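In the working numbering, the protein residues as written are 44 to 335.
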């Protein structure tokens with residue numbers, strides 16, 4: 044059973060299908076919080092674009108000898124190179140019809156996010172003989188990842204829901220929701236760079252852990268999550284409702300998992316448990332709304 048399960052699980056995790064499901068469920072969290080039914084065009088866009096962009100980024104940064112990489116994900120991905128190239132092309136091509144099914148405002152946002160996402164990895168800039176992408180600019184890596192995730196899983200669903208007159212959420216509430224999601228996603232991105240601290244230092248990549256150091260980076264994550272909980276408390280619609288408790292519980296769990304990641308350097312831990320918080324958050328929201 045284990046021999047059958049592991050190849051399936053590895054494909055699920057390292058082909059970025061799991062990451063795409065994280066994006067989908069974060070959009071579901073937004074639809075839940077604004078009191079709107081899920082819009083499947085938005086969910087399909089997020090699923091295919093996440094697979095396409097993440098896989099494209101990995102293909103672009105292929106090491107000279109991927110099978111000698113210290114990372115399981117890199118070794119797995121390039122040992123299935125042809126399949127992953129096909130998977131990536133299909134995902135990106137499927138975005139074309141989906142793009143024309145959303146509103147003009149959503150299209151403008153998608154174009155903006157696509158520019159950031161591709162400029163993140165593509166070596167579009169040069170300094171002397173060295174070429175680099177946006178991710179190599181000191182301090183930009185985490186900010187860009189968090190911004191793209193926040194706008195795509197919060198603002199995109201809201202724009203579509205407003206275009207279809209399914210919600211009347213105010214600009215103030217939208218801004219608060221964006222701020223809360225930014226803090227949560229930001230806290231979850233930093234541990235991945237703590238894991239890659241040695242490699243980032245060697246390559247000269249100025250991530251938060253490289254600048255702050257490992258211990259301060261872990262503390263920074265907890266500060267972000269504390270800020271998230273404070274915003275939950277301050278803007279709880281005058282009552283401690285089920286959503287408040289569900290979101291607070293998952294934030295506390297995220298903090299514990301990040302703290303534990305100081306000792307757990309296994310890639311499965313990062314890509315399944317830490318990223319899995321994004322899926323678990325929606326599951327807990329649904330359970331609290333039904334049974335609490």
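Every residue gets a Cβ at the ideal spot worked out from N, C-alpha and C, and that includes glycine. Here the structure is a predicted model, which is why all the values come from computation and not from measurement.
Item to check | 6 Å CB neighbourhood of residue 220 in its chain, flanking five on each side removed | outcome: 197
Next on the checklist: My parser needs the beta strand (DSSP E) runs of 3 or more residues fully inside the segment 100–175; what are they?
Outcome noted: 168–170 and 173–175
Item to check | Within 8 Å, strictly: CB atoms of residue 327 and residue 289 | outcome: yes
Next on the checklist: Looking only at its chain, what residues have a beta carbon closer than 6 Å to the beta carbon of residue 230, apart from the 5 residues adjacent to it on each side?
Outcome noted: 264, 267 and 268
Next on the checklist: Taking its Cβ as the centre, do 16 or more other Cβ atoms sit within 10 Å of residue 284, making it buried, or is it exposed?
Outcome noted: exposed
Item to check | Residue range of the alpha helix (DSSP H) that includes residue 374 | outcome: Given that the chain is displayed from residue 44 to residue 335, the structure contains no residue 374 and the question cannot be resolved.
Next on the checklist: Distance check for residue 177 and residue 63, CA to CA, integer angstroms please.
Outcome noted: 22 Å
Item to check | Closest by C-alpha distance to residue 157, when choosing among 67, 187 and 117 | outcome: 187
Item to check | Nearest residue (CA-CA) to residue 274, options 87, 330 and 215 | outcome: 215
Next on the checklist: Let's test the definition: count the other Cβ atoms within 10 Å of the Cβ of residue 93 and tell me whether it reaches 16, buried, or not, exposed.
Outcome noted: buried
Item to check | Collapsed DSSP secondary structure at residue 80 in the structure displayed | outcome: coil
Checklist entry - Are the Cβ atoms of residue 324 and residue 293 separated by less than 8 Å? => result yes
Checklist entry - With contact counted as at least three CB pairs below 8 Å, one residue from each stretch, are the segment 116–124 and the segment 78–95 in contact? => result no
Item to check | Residue-chain proximity (residue 286, chain D), Cβ-Cβ < 8 Å | outcome: This model lacks chain D altogether, as it is built from one protein chain only.
Item to check | 7 Å CB neighbourhood of residue 67 in its chain, flanking five on each side removed | outcome: 86, 89 and 90
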